[in-house]
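Colleague:
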Amino acid sequence: MKRALSFIFFVLGLATVVVAAPKREFYEIKIYHVANSTQEQRVEKFLKEAYLPALHRAGITKVGVFKPVETDTTFGKRIYVLTPFSSMDQFVKLPETLLKDKQYESSGTDYLNAPYDNPPYARIETIVLQAFVKMTQLEVPKLSTPVNERVYELRSYEGYTEKIYRNKVKMFNDGNEVALFKRLGFNAVFYAEVLSGSRMPNLMYMTTFANQASRDEHWKAFSADPEWKTLSGMSEYQHNVSKINIYFLRPVEYSDI
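All residue numbers for the sequence shown refer to the UniProt record's numbering, where the first residue is 1 and numbers rise by one.
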């Protein structure tokens with residue numbers, strides 16, 4: 001009898017492991033604001049030769065580095081770094097992890113030891129997020145076009161109030177807006193709730209396309225899709241976004257994403 005009960009508990013334990021949903025990742029979007037090409041080059045050198053390799057050694061993969069498209073007014077003025085974390089604890093302990101990495105310190109010395117009168121950037125803006133329940137893990141897009149043609153669209157949706165913002169998050173999750181984007185081939189990298197940032201309450205997500213023409217075609221198809229028309233016409237999801245900001249980016253050649 002004891003063996004039989006042990007076996008049953010073992011099987012139930014396996015079943016629990018199998019059906020357990022993946023943990024929702026946390027993300028950091030770090031935006032470097034640079035004043036000139038010299039600062040831009042110094043930050044990029046640091047990211048390519050020191051920061052990303054150190055993150056990889058720490059077990060953090062799929063780190064994205066992006067710059068605005070050439071026609072954007074912020075081109076040459078910003079660099080975006082998207083880092084996924086398996087837990088908030090991993091995020092909090094990252095500075096300590098980097099301090100112990102001697103190779104990181106050596107490779108990034110120009111940046112890390114920059115003097116006050118010659119800083120490598122103007123300022124850093126940081127956004128902390130947690131993945132949606134309907135897409136808990138970051139995904140690397142499946143694109144075959146040259147990197148300099150790809151368009152990554154980062155969207156920021158603000159809400160009038162915390163409650164109204166939660167309604168838009170519900171629309172993505174329970175309303176299956178995430179599934180709709182997937183069906184239409186938007187190659188999403190992530191969908192996430194902003195936990196801390198300069199724009200609150202807020203959610204952000206990133207979709208990717210082979211080029212600008214592909215991006216425009218996808219959004220045209222989205223707007224005309226019967227499922228979207230039904231979803232967006234539902235009374236419970238009306239007036240749940242106060243402001244939308246759209247950022248068109250391209251990955252740099254050393255980006256993991």
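C-beta atoms are modelled at their ideal positions from N, C-alpha and C, and glycine is treated no differently.
Is it the case that the Cβ atoms of M47 and V81 are separated by a distance below 8 Å?
Modeller: Before going further, note that residue 47 is Leu rather than Met in the sequence given. For L47 and V81, yes; Cβs fall inside 8 Å.
Colleague: Any idea which residues DSSP pairs Y32 with across the strands?
Modeller: I79, I124, per the DSSP bridge assignment.
Colleague: Which stretch, first to last residue, makes up the alpha helix (DSSP H) that contains T38?
Modeller: Start and end: 37-46.
Colleague: So, at 8 Å on beta carbons, what are the nonlocal neighbours of S242 in its own chain, with the 5 sequence-adjacent residues on each side left out?
Modeller: Cβ within range, chain order: E158, G159, Y160, I164.
Colleague: Helix or strand or just coil, what does DSSP make of V17?
Modeller: A caution first: V17 carries a pLDDT of 49, below 50, which makes its placement in the model too unreliable to give a value.
Colleague: E162 to L94, Cα distance in whole Å?
Modeller: E162 and L94: Cα-Cα distance of roughly 30 Å.
Colleague: Do R123 and H33 have their CB atoms nearer than 8 Å?
Modeller: Yes. Within cutoff.
Colleague: Let me check you understand the geometry: is the CB of Y27 closer than 7 Å to at least one non-hydrogen atom of the ligand SAH?
Modeller: Annotation note on the ligand SAH: not contained in the displayed structure, which lists no ligands.
Colleague: Tell me whether T207 sits in a helix, a strand or coil according to DSSP, three-state version.
Modeller: Of the three classes helix, strand and coil, the one that applies to T207 here is strand, per DSSP.
Colleague: Going by beta carbon distance, what residues of the same chain come within less than 7 Å of R42, once the five residues before and after it are set aside?
Modeller: Cβ neighbours of R42 beyond the five flanking positions: D110, Y111, P120.
Colleague: For I29, which residues in the same chain have their Cβ closer than 6 Å to its Cβ, ignoring the five residues on either side in sequence?
Modeller: If we look at I29 and ignore the five residues flanking it on each side, its Cβ neighbours are L82, I127.
Colleague: Between the C-alpha atoms of Y191 and I244, what's the straight-line distance to the nearest angstrom?
Modeller: Approximately 15 Å between the Cα atoms of the pair.
Colleague: Which residues mark the beginning and the end of the beta strand (DSSP E) in which N245 is found?
Modeller: N245 -> beta strand (DSSP E) spans 243-251.
Colleague: How close, in whole Å, do the beta carbons of K62 and D256 come, if the pair is a contact with beta carbons under 8 Å?
Modeller: Yes, they are in contact, since the Cβ atoms of K62 and D256 sit about 5 Å apart, within 8 Å.
Colleague: Flag this pair as yes or no: are the beta carbons of E217 and Q137 separated by less than 8 Å?
Modeller: No.
Colleague: Check whether the Cβ atoms of A210 and R150 lie closer than 8 Å to each other.
Modeller: The answer is yes: Cβ separation under 8 Å.
Colleague: What number of angstroms, rounded off, separates the C-alpha of G64 from the C-alpha of P146?
Modeller: For G64 and P146, the distance between alpha carbons rounds to 16 Å.
Colleague: Taking all protein chains shown into account, do 16 or more other C-beta atoms lie within 10 angstroms of the C-beta of V11, making it buried, or fewer, making it exposed?
Modeller: With a pLDDT of only 49 at V11, under 50, the local geometry of the prediction cannot be trusted, and the value read off the model is given with reservation. Exposed: under 16 other Cβ atoms inside 10 Å.
Colleague: Can you tell me which of A50, S37, D89, T97 puts its alpha carbon nearest to the alpha carbon of K77?
Modeller: Residue S37 is the option with its Cα nearest to K77.
Colleague: What does the alpha-carbon distance come out to for the pair V17 and K23?
Modeller: Per-residue confidence for V17 stands at a pLDDT of 49, beneath the threshold of 50, marking its modelled position as unreliable; the derived number appears in the next sentence. So the alpha carbons of these two residues sit roughly 12 Å apart.
Colleague: So the candidates are D174, M206, R199, K220; which of them puts its Cα closest to the Cα of E236?
Modeller: Taking only the C-alpha atoms, the option nearest E236 is D174.
Colleague: Run through the stretch 83-141 for me and flag every whole alpha helix (DSSP H) of 4 or more residues, listed as ranges in chain order.
Modeller: Those alpha helix (DSSP H) runs which fall completely within the stretch 83-141 and span 4+ residues are 88-99, 102-107, 109-112.
Colleague: Please report how far the alpha carbon of V252 lies from the alpha carbon of W228, in whole angstroms.
Modeller: Cα to Cα, V252 sits roughly 33 Å from W228.
Colleague: Output the distance between the C-alpha atoms of M135 and Y27, rounded to the nearest integer angstrom.
Modeller: Distance between the alpha carbons of M135 and Y27: 13 Å.
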